[in-house]
Amino acid sequence: MAESENIVAETAEKIFADLADAQTINRDKNGGWKAPLWQALTESGLPLSWVADDLGGSGASLAEGFSVLSAAGRFAVAVPLAETMLAGWLLAQAKIASPEGEMTVAPASPRDRITLNADGTLSGRARGVPFAKVAKHIAVLAAGGNGFSIALVDAASVRIEAGLGLGGDASDTVTFTNVAPITIKPAPKGFDQTVLMLMGGVARSLQIAGALESMLDISVRYSNERVAFEKKISKFQAVQHNLAKLAGESAAALAAATSAADAVANSTSFDDAFFLEAASAKIRCSEAAEKGAAIAHQVHGAIGFTVEHILHRYSLRALAWRDDFGSESYWAVELGKLVADRGADELWPLVASR
Amino acid sequence: MTAALRFDPIRLPPECEQLRKEVRKFLADEIAAGTFDPHQPNREDTDAPEFSRRVGEHGWLGMTWPKKYGGHERSFLERYVVTEEMRVANAPTRRFFVADRQSGPVLLKYAPEHIKMDILPRICRGEVCFAIGMSEPNSGSDLFAAKTKATKTDGGFLINGTKIWTSSAHIADYMIAIFRTSPPTKENRRHGLTQFLVKMKQPGIQVNPIGQITGQFEFNEVVFTDFFVPDDHMLGEIDGAWKQATSELAYERSGPERFLETYYVLTELVRAVGPKPDTRSAEGIGRLVAQLHTMRRMSVSVAGMLQAGKEPVVEASIVKDIGTIWEQQLPHRVRDLAAFVEENASNRETLEHQLSFAIKTAPKLTIQGGTTEVLRGIIARGLGLR
Numbered sequence: 001m002a003e004s005e006n007i008v009a010e011t012a013e014k015i016f017a018d019l020a021d022a023q024t025i026n027r028d029k030n031g032g033w034k035a036p037l038w039q040a041l042t043e044s045g046l047p048l049s050w051v052a053d054d055l056g057g058s059g060a061s062l063a064e065g066f067s068v069l070s071a072a073g074r075f076a077v078a079v080p081l082a083e084t085m086l087a088g089w090l091l092a093q094a095k096i097a098s099p100e101g102e103m104t105v106a107p108a109s110p111r112d113r114i115t116l117n118a119d120g121t122l123s124g125r126a127r128g129v130p131f132a133k134v135a136k137h138i139a140v141l142a143a144g145g146n147g148f149s150i151a152l153v154d155a156a157s158v159r160i161e162a163g164l165g166l167g168g169d170a171s172d173t174v175t176f177t178n179v180a181p182i183t184i185k186p187a188p189k190g191f192d193q194t195v196l197m198l199m200g201g202v203a204r205s206l207q208i209a210g211a212l213e214s215m216l217d218i219s220v221r222y223s224n225e226r227v228a229f230e231k232k233i234s235k236f237q238a239v240q241h242n243l244a245k246l247a248g249e250s251a252a253a254l255a256a257a258t259s260a261a262d263a264v265a266n267s268t269s270f271d272d273a274f275f276l277e278a279a280s281a282k283i284r285c286s287e288a289a290e291k292g293a294a295i296a297h298q299v300h301g302a303i304g305f306t307v308e309h310i311l312h313r314y315s316l317r318a319l320a321w322r323d324d325f326g327s328e329s330y331w332a333v334e335l336g337k338l339v340a341d342r343g344a345d346e347l348w349p350l351v352a353s354r
Numbered sequence: 001m002t003a004a005l006r007f008d009p010i011r012l013p014p015e016c017e018q019l020r021k022e023v024r025k026f027l028a029d030e031i032a033a034g035t036f037d038p039h040q041p042n043r044e045d046t047d048a049p050e051f052s053r054r055v056g057e058h059g060w061l062g063m064t065w066p067k068k069y070g071g072h073e074r075s076f077l078e079r080y081v082v083t084e085e086m087r088v089a090n091a092p093t094r095r096f097f098v099a100d101r102q103s104g105p106v107l108l109k110y111a112p113e114h115i116k117m118d119i120l121p122r123i124c125r126g127e128v129c130f131a132i133g134m135s136e137p138n139s140g141s142d143l144f145a146a147k148t149k150a151t152k153t154d155g156g157f158l159i160n161g162t163k164i165w166t167s168s169a170h171i172a173d174y175m176i177a178i179f180r181t182s183p184p185t186k187e188n189r190r191h192g193l194t195q196f197l198v199k200m201k202q203p204g205i206q207v208n209p210i211g212q213i214t215g216q217f218e219f220n221e222v223v224f225t226d227f228f229v230p231d232d233h234m235l236g237e238i239d240g241a242w243k244q245a246t247s248e249l250a251y252e253r254s255g256p257e258r259f260l261e262t263y264y265v266l267t268e269l270v271r272a273v274g275p276k277p278d279t280r281s282a283e284g285i286g287r288l289v290a291q292l293h294t295m296r297r298m299s300v301s302v303a304g305m306l307q308a309g310k311e312p313v314v315e316a317s318i319v320k321d322i323g324t325i326w327e328q329q330l331p332h333r334v335r336d337l338a339a340f341v342e343e344n345a346s347n348r349e350t351l352e353h354q355l356s357f358a359i360k361t362a363p364k365l366t367i368q369g370g371t372t373e374v375l376r377g378i379i380a381r382g383l384g385l386r
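Line order of the protein sequences matches chains A and B.
The first sequence: position 87 = 87 (the working numbering), numbered continuously.
The second sequence: position 196 = 196 (the working numbering), numbered continuously.
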């Protein structure tokens, strides 16, 4: 990691530590922590990390932004930071300036599609859109005409049915019925819904990996405190081996997610090797979320199953993030098709391409 | 954070790509010439001395070692490329693999100069085969319970006892073994073992092959009876082998051979399902490839750390833990996915033959070179639990 990435990530970490401490948030039933956190993030330019200065953002690099998402995962941050970053990034692809305030992206699933009508309006339904209810604007990728278009839409102009994800964060259904966008421009050549889903998937992969790091951390700490059968439970080999497995899952998620982020940050084309990196990250991180969260809960016993304990902030969000921008099952099918289409003898050259 | 595990996204440098092309060309030529059949993984069992020499001639043995010992002063990442290409092709690497990966580096670090000058160039030429003498009939994972004795005598030591599960001992020219030179102390049960270089194929050493469930005779029992080892064959500190063992583990445990041993069944599965797989096959293959890709990224990352002079013992243990379980499960997953493959798939017979061999190989993968249980103990120590 370069020095500057550390500075941006450190800024984010410091804000999260001061204003998004899991223990404090968990006790605050009214969500009073959200406004000060969002304000601090905005003042530091973090939500528009991936938007250039002339489009209203702070012009950080892709790599710097990814390091912010890792930190957001470690703190299981429950404000639309990743979503606003993605929305700003999407708009910037078509040189559309980002407005102030919370944003999200639609569609958030590879199976949903928003279409551009002949009259320039947008129609379609996007399910599982994270934080749509909170967002002031929605960055939309729409199909129609000659390829894809990118649009900025006022959230007040769409119908939003509120939903909740596993982690308790908004995950809403957004319906576009002949909605007139604020701005709409053609997407750059080669930019399609797969690219958007892969980018969203890499963001979620980093967040899952970050949450797993924290689950490992608090599970190790707890096992060194909790006494049963007259010794710390960390001294039981069965517990040690479970935690070693959790470390392995955390490590696998970290490796897959950071490698994919690096591939995105340094790719000049969306080729098969790029697809392998991004799809694999979402698949493997989602698998790690399942295995890792189960172990973290097992180590904590009943206390980890309570709302008072902070473990669920990480475990349930990691599990929820599996569903956004294509589940592991979806990407596994797509990756499997790609591999089969390339043929058996082209599998190893693909895996060994970097 | 408790566990500062690092797996940075290391990319292979450009020189690796040219090297990879050369290795692939070499292997394709060897396959064309009939040296080995890439579809017959069990051939890896056989000794291929001529192939070994040709690998040496290409400069692919002792790649990271100093030139004065016949090495090539190239990077760990370059060595990584050669290792993975050989493994994926099912090349017969038995003669040189252990010497190149493990024994050579031990000699480089601990052997006297004249022994280094004698043996290392021969390893680089692919001429000598090494075995590792660790386990004994009553000492496996519990390495420091070893009892085979080295008793001081004029000019050297007399060895008495038995090593077991010793891979390649039947063809090996040398063994690097640990023998007991003193009893353990109350304070340190690991004290009292010393590492030695043993010249094989001499009176006083009897090698008895042991049949494996795969049908191979790949490991052995090695019995020492008043076998003489000269003083200058002692490696490192007397009674201090335990200090020398741990730092080498990162080399031994993180390489591509720790997740690619049964890889061939995945290739054959992809061939069997054809270009238009059903959803079930596609998903199964996609997951396996994502898991494989992730392990390779972890493994390359560890190679990068080794190149940077670090000792990522915990990270390497994680790679072997996850990698060996994956390669152990792989033939079973492929069997699941192959259940509905067309009866007339052109490679059906090859796939079935390979699955049979891979399923029989699978149990050893999480035992050899450090069991899953031992690895998790090391990881747990790294997490501060022990």
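Glycine included, C-beta positions come from ideal geometry on N, C-alpha and C.
8 Å Cβ cut-off: residues of chain A touching residue i
i	result
V270 of chain B	V339, A340, G343, A344, L347
G284 of chain B	A332, G336
G274 of chain B	A340
is_contact[residue i, chain B] using C-beta, thresh 8 Å
i	result
L254 of chain A	yes
R27 of chain A	no
Q23 of chain A	no
W319 of chain A	According to the sequence shown, residue 319 of chain A is Leu rather than Trp. Output row for L319 of chain A: interface = no.
R226 of chain A	no
V220 of chain A	yes
D262 of chain A	yes
A2 of chain A	Summary for A2 of chain A: the model assigns pLDDT 49, below 50, so the residue's position carries little reliability, and this model does not support an answer.
G374 of chain A	The requested residue 374 of chain A does not occur in the structure, where chain A is confined to residues 1 to 354.
T258 of chain A	yes
S280 of chain A	yes
R354 of chain A	yes
S329 of chain A	yes
A247 of chain A	yes
Residues that residue i contacts on chain B, provided the C-beta gap is smaller than 9 Å
i	result
T268 of chain A	What T268 of chain A touches in chain B: nothing, since even the nearest Cβ is about 14 Å away.
R113 of chain A	Correct list: empty, because the minimum Cβ distance to chain B is about 20 Å.
A244 of chain A	S317, I318, D321, L375, R376, G377, I378, I379, A380, G382, L383, L385
Residue i versus residue j: straight-line alpha-carbon distance, rounded
i	j	result
G184 of chain A	T121 of chain A	It is worth fixing the name first, because residue 184 of chain A is Ile in this sequence and not Gly. Spanning the two alpha carbons is a distance of roughly 9 Å.
L86 of chain A	G215 of chain B	56 Å
A143 of chain A	A151 of chain A	11 Å
R386 of chain B	F229 of chain A	17 Å
T145 of chain A	P186 of chain A	Checking the displayed sequence, the identity of residue 145 of chain A turns out to be Gly instead of Thr. Those two C-alpha atoms are separated by around 10 Å.
K189 of chain A	M199 of chain A	16 Å
A132 of chain A	A155 of chain A	8 Å
R335 of chain B	V88 of chain B	19 Å
R95 of chain B	S103 of chain B	12 Å
R284 of chain A	P9 of chain B	16 Å
R125 of chain A	A91 of chain B	54 Å
A131 of chain B	K67 of chain B	24 Å
G147 of chain A	Q207 of chain A	31 Å
D231 of chain B	P112 of chain B	10 Å
Any C-beta of chain A under 8 Å from that of residue i
i	result
R258 of chain B	no
S301 of chain B	yes
D37 of chain B	no
K281 of chain B	In the sequence as displayed, the identity of residue 281 of chain B is Ser instead of Lys. Yes, S281 of chain B counts as interfacial toward chain A.
Contact set between residue i and chain A, taken where Cβ atoms lie within less than 7 Å
i	result
R287 of chain B	I283, A332
Q291 of chain B	R284
R386 of chain B	Q240
Under 8 Å from the C-beta of residue i: neighbouring residues of chain B
i	result
S67 of chain A	Correct list: empty, because the minimum Cβ distance to chain B is about 12 Å.
Paired residues, beta bridge with residue i - DSSP
i	result
G177 of chain B	In the sequence on display, residue 177 of chain B carries Ala and not Gly. According to DSSP, which records beta bridges pairwise, A177 of chain B is partnered with B:G133, B:F196.
P209 of chain B	B:N220
N160 of chain B	B:K149
Sufficient close CB pairs (3 or more, under 8 Å) joining the stretch 247-256 of chain A to the stretch 168-181 of chain A: Pairwise C-beta distances place the stretch 247-256 of chain A out of contact with the stretch 168-181 of chain A, as fewer than three of them are shorter than 8 Å.
Inter-stretch contact (C-beta, 8 Å, three-pair minimum) for the stretch 90-100 of chain A and the stretch 114-134 of chain A: Short answer: they don't touch.
At least 3 beta-carbon pairs within less than 8 Å: the stretch 265-285 of chain B vs the stretch 305-323 of chain B: Flag = no, the stretch 265-285 of chain B and the stretch 305-323 of chain B do not touch.
The stretch 309-324 of chain A touching the stretch 12-26 of chain A, judged by at least three CB pairs closer than 8 Å: Cβ pair count under 8 Å is three or more, so yes.
The stretch 352-361 of chain B contacting the stretch 327-342 of chain B, beta-carbon criterion three pairs below 8 Å: At 8 Å Cβ cutoff, the stretches touch.
Stretch-stretch touch, CB-based, cutoff 8 Å, three pairs: the stretch 205-222 of chain A with the stretch 64-78 of chain A: They touch, by the three-pair rule.
contact_flag[the stretch 176-183 of chain B, the stretch 117-135 of chain B] where n(CB pairs < 8 Å) is 3 or more: Counting C-beta pairs closer than 8 Å gives three or more between the stretch 176-183 of chain B and the stretch 117-135 of chain B, which meets the contact rule.
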